[in-house]
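J.:
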Amino acid sequence: MQQDQLPLNPGHTLGMMGGGQLGRMFAIEAAYMGYHVTVLEPGAGSPAAEVSLKHIAQPYLSESGLDELAKTTSAVSTEFENVPAQALDRLAKSVFVAPPGSAVAVAQDRNAEKEFIETVAKVPVAPHVPVLTANDIDKIPDELFPAILKTARLGYDGKGQVQVKSREDLHQAFVELKEVDCILEKRLDLHREVSVIVARGVNGETATFPVCENLHRRGILAVTVMPARVPEETALKAREYATAIVDALNYVGVLCVEFFVLQNGEIVANEMAPRPHNSGHATIDACWSNQFEQQLRCMTGQPLADTTQHSPAVMLNLLGDLWFDEHDNPKEPNWQKVLAVPGAKLHLYGKAQARHARKMGHITCVGETLDEALQRAQLVARILGLPEPK
Ligand code: ADP
Ligand code: MG
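In structure tokens:
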């Protein structure tokens, strides 16, 4: 099946690289619309395989696994960012793949990503320089400090990052990060962090969801407020920038762009994820369509969905820490109390084992007004023993 055979109608089987929660929510959405899903995921008992028609239990680079996925599905997408580019390229020889491997490759390397966003998409980013060898460090202008050194690849949830105040710090941090390819970014004075979920169809049609406002704790997304509490012009600019990025990438699929809103009101793009994103989970309960339905529509060549938000929403991430008491003994969160909160929608990912910092699920609180949604989220947070969102 190739792009000229689109659109794919309900009844077709769609392939997903990866078996995590993003694949699970995609498969649930696909089932609503009468499509089937096959997941390629090496691990047993994954969140996505539990709700999919078929599970190919092979490594992401296994040729037989990839060939089986290509042969038995009509289009393939990915639910994780670090899917090997070779895997997508192999699939693309015989089945329609969205997003394209070339776009995924850009998102996998922070240097390529920043360069692309700034020079091709013409969207502002933080001042930065690649740090590939210790020699690069002496050439860095003083104005770049204080800064953050980040590994170019495989960083997530704040991992692979070191704050550096000076050139001496930087030398030490580079050694600490094992001298792998890095990027040094000037540390900006952040007013807020926001993100935009954008979809682009095979015909170049684009749609953005309302802007999400994100709060991180210990480097992990903790709370998303949707719509973001930023001026209308800031929100419009963020949506425009996200659209410019998918257009420049000639992208097909759903992509998330994280932005920093600076103290002076300017916005800069931080990074992108070539897939649905944790900060977009509120779209499920708050919008006329959601990011997973949009992913499906993109890969099947169907028209994009209406992204209008019908209810203000506050999403709380549920990390594995909630399954342990203060002595680190296992416990079950009080679901009965949570489910008694009006407008609170519980999403659990079916992970067999809770671990600290592991994403186990989320709760989206909707309301008639953002204040109401926020009060409900505060109540849920109190019940679960989480810090109250503000
Ligand atoms: P990750 O892939 O781990 O999400 P990010 O680049 O998004 O990596 O960085 C994680 C967090 O670190 C951001 O959400 C933000 O809070 C902070 N951060 C990252 N880069 C900068 C920067 N240049 N200036 C200020 N804060 C930053
Ligand atoms: Mg990030």
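Number 624 marks the last residue of the sequence shown (the working numbering); no jumps. Even glycine gets a Cβ: it sits at the ideal position worked out from N, Cα and C. Here the structure is a predicted model, which is why all the values come from computation and not from measurement.
1) Kindly indicate the opening and closing residues of the beta strand (DSSP E) around T312.
2) Which first and last residues belong to the alpha helix (DSSP H) in which F494 is found?
3) Which residue or residues does DSSP assign as beta-bridge partners of L248?
4) Looking only at C-alpha atoms, which of Y583, N551, A547 and G257 sits nearest to D605?
5) Does the ligand MG have even one heavy atom less than 6 Å from the beta-carbon of E427?
6) Counting Cβ pairs, one atom from each stretch, are 3 or more of them under 8 Å apart for the stretch 394 to 413 and the stretch 425 to 443?
7) Counting along the chain, where does the alpha helix (DSSP H) carrying K348 start and finish?
8) How many whole angstroms separate the CB atoms of G254 and P281, which I take to be in contact at a CB cut-off of 8 Å?
9) N551 and N504 look like a contact to me (Cβ under 8 Å); what is the Cβ gap, rounded to whole Å?
10) Starting from the C-beta of L295, find all residues in its chain whose C-beta is less than 6 Å away, skip the five residues before and the five after it, and write them out in chain order.
11) Within the present structure, is the beta-carbon of L422 separated from the nearest heavy atom of the ligand ADP by less than 6 Å?
12) Could you check whether the stretch 269 to 288 touches the stretch 244 to 259, counting it as contact only if at least three pairs of C-beta atoms, one from each stretch, sit closer than 8 Å?
13) Following a CB-centred definition, is N551 positioned closer than 6 Å to any heavy atom of the ligand ADP?
14) Quick check: L418 and L383, are their CB atoms within less than 7 Å of each other?
15) Which residue's Cα is closest to the Cα of A516: I501, I479, L556 and V445?
16) The beta strand (DSSP E) with S286 in it runs from where to where?
17) Which of the three DSSP states is assigned to T353 in this structure?
18) Output the residues surrounding the ligand MG, defined as those with a CB atom closer than 7 Å to any ligand heavy atom, in chain order.
19) To the nearest angstrom, report how far apart L470 and A615 are at their CA atoms.
20) Return the bridge partner residues of I431 from the DSSP annotation.
21) Tell me the DSSP bridge mates of M460?
22) Quick check on W522: buried or exposed, where buried means 16 or more other Cβ atoms within 10 Å of its Cβ?
23) At 4 residues or longer, what runs of the alpha helix (DSSP H) sit wholly inside the stretch 381 to 445?
24) Can you list, in chain order, the residues of its chain with a C-beta nearer than 7 Å to that of Q237? Leave out the 5 residues immediately preceding and following it.
25) Kindly list the residues whose CB is nearer than 7 Å to the CB of F408, restricted to its own chain and excluding five residues on each side of it in sequence; keep chain order.
26) Express the C-alpha separation of E439 and L287 in angstroms, rounding to a whole number.
27) Taking buried to mean at least 16 other C-beta atoms within 10 Å of its own C-beta, is A476 buried or exposed?
28) What span of residues does the alpha helix (DSSP H) with G335 cover, start to end?
29) Within the chosen definition, does the stretch 533 to 542 reach the stretch 447 to 465 through at least 3 CB pairs nearer than 8 Å?
30) What are the uninterrupted segments assigned as alpha helix (DSSP H) that are 4 or more residues long and contained completely in the stretch 495 to 579, given in chain order?
31) Kindly indicate the opening and closing residues of the beta strand (DSSP E) around V317.
32) Mind checking whether G554 and R592 have CB atoms under 7 Å apart?
33) Does F379 come out as helix, strand or coil in the three-state DSSP assignment?
34) Tell me R451's beta-bridge partners as DSSP assigns them.
35) So, helix, strand or coil for V329, using DSSP?
36) If distances are taken between C-alpha atoms only, which option among I597, V340, L256 and G252 comes closest to Y485?
T.: Working from what's here:
1) For this step, residue 312 is matched to residue 78 along the sequence shown. Where T312 is concerned, the enclosing beta strand (DSSP E) stretches over A309 to T312.
2) To locate residue 494, count along the sequence shown from 1; it is residue 260. Note, F494: premise wrong, no alpha helix (DSSP H); beta strand (DSSP E) at G487 to L496.
3) To locate residue 248, count along the sequence shown from 1; it is residue 14. L248 is bridged by DSSP to V271 and A309.
4) To locate residue 605, count along the sequence shown from 1; it is residue 371. In terms of CA proximity to D605, A547 leads the group Y583, N551, A547 and G257.
5) Against the sequence shown, residue 427 aligns to sequence position 193. No, the ligand MG has no heavy atom inside 6 Å of this Cβ.
6) Contact between the stretch 394 to 413 and the stretch 425 to 443 is absent, because fewer than three Cβ pairs lie under 8 Å.
7) Counting from 1 along the sequence shown, the entry for residue 348 is found at position 114. DSSP places K348 in the uninterrupted alpha helix (DSSP H) bounded by R344 to E349.
8) Against the sequence shown, residue 254 aligns to sequence position 20. Against the sequence shown, residue 281 aligns to sequence position 47. For G254 against P281, the beta-carbon gap comes to about 6 Å, under 8 Å, which counts as contact.
9) Walking along the sequence shown from the start, residue 551 turns up at place 317. Walking along the sequence shown from the start, residue 504 turns up at place 270. With a Cβ gap of about 19 Å, N551 and N504 do not count as contacting.
10) The residue given as residue 295 occupies position 61 in the sequence shown. Around L295, the same chain offers P318 and A321 as residues with beta carbons nearer than 6 Å, after the five sequence neighbours per side are excluded.
11) Counted from its first residue, the sequence shown places residue 422 at position 188. At least one heavy atom of the ligand ADP is nearer than 6 Å to the Cβ of L422, so yes.
12) In the pairwise beta carbon analysis, the stretch 269 to 288 is classified as touching the stretch 244 to 259: at least three pairs are separated by under 8 Å.
13) Against the sequence shown, residue 551 aligns to sequence position 317. Taking 6 Å as the cut-off, one finds no heavy atom of the ligand ADP near enough to the beta carbon of N551.
14) For the purposes of this step, residue 418 is identified with residue 184 of the sequence shown, where counting begins at 1. For the purposes of this step, residue 383 is identified with residue 149 of the sequence shown, where counting begins at 1. In this structure, L418 sits near L383, with a CB-CB distance shorter than 7 Å.
15) If you number the sequence shown from 1, residue 516 lands on position 282. Of the listed residues, the one whose Cα sits closest to A516 is V445.
16) Here residue 286 corresponds to residue number 52 of the sequence shown, with the count starting at 1. DSSP places S286 outside any beta strand (DSSP E), giving it a letter other than H or E.
17) Along the sequence shown, one-based indexing puts residue 353 at 119. DSSP places T353 in helix when its eight states are reduced to three.
18) The set of residues with CB atoms less than 7 Å from any heavy atom of the ligand MG reads, in chain order, E492, N504 and E505.
19) Translated into positions along the sequence shown, residue 470 becomes position 236. Translated into positions along the sequence shown, residue 615 becomes position 381. A direct Cα-Cα distance of roughly 31 Å separates L470 from A615.
20) Taking the sequence shown and counting its residues from 1, one reaches residue 431 at position 197. Note: I431 sits in a beta bridge opposite C490.
21) Taking the sequence shown and counting its residues from 1, one reaches residue 460 at position 226. Its beta-bridge partners are A547.
22) Stepping through the sequence shown from its first residue, residue 522 is reached at position 288. Exposed, since its Cβ has fewer than 16 Cβ neighbours within 10 Å.
23) Runs of the alpha helix (DSSP H) spanning 4 or more residues and lying entirely within the stretch 381 to 445 occur at 401 to 410, in chain order.
24) The residue given as residue 237 occupies position 3 in the sequence shown. The residues are F330 and V436.
25) Here residue 408 is taken as the residue at index 174 of the sequence shown, counted from 1. Within the same chain, and ignoring the five residues on either side of F408 in sequence, the residues whose Cβ sits closer than 7 Å to its Cβ are V365, A368, I371, L383 and C416.
26) One-based indexing of the sequence shown puts residue 287 at position 53. One-based indexing of the sequence shown puts residue 439 at position 205. Approximately 30 Å between the Cα atoms of the pair.
27) Here residue 476 corresponds to residue number 242 of the sequence shown, with the count starting at 1. Buried, by the Cβ-count rule.
28) Within the sequence shown, the letter at position 101 stands for residue 335. Segment G335 to A341, the alpha helix (DSSP H) holding G335.
29) By the criterion of at least three beta-carbon pairs nearer than 8 Å, the stretch 533 to 542 is not in contact with the stretch 447 to 465.
30) Whole alpha helix (DSSP H) segments, 4+ residues: 517 to 520, 525 to 534 and 569 to 573.
31) Position 83 of the sequence shown holds residue 317. For V317, there is no enclosing beta strand (DSSP E), as DSSP marks it with neither H nor E.
32) As a working mapping, residue 554 is identified with position 320 in the sequence shown. As a working mapping, residue 592 is identified with position 358 in the sequence shown. Going by C-beta atoms, G554 is nearer than 7 Å to R592.
33) What you label residue 379 is simply residue 145 of the sequence shown in a count that begins at 1. Of the three classes helix, strand and coil, the one that applies to F379 here is coil, per DSSP.
34) One-based indexing of the sequence shown puts residue 451 at position 217. Its beta-bridge partners are I454.
35) Counted from its first residue, the sequence shown places residue 329 at position 95. If DSSP states are grouped into helix, strand and coil, V329 belongs with coil.
36) The residue labelled residue 485 in the question sits at position 251 within the sequence shown. Distances from the CA of Y485 to each of I597, V340, L256 and G252 were compared; the closest alpha carbon is that of V340.
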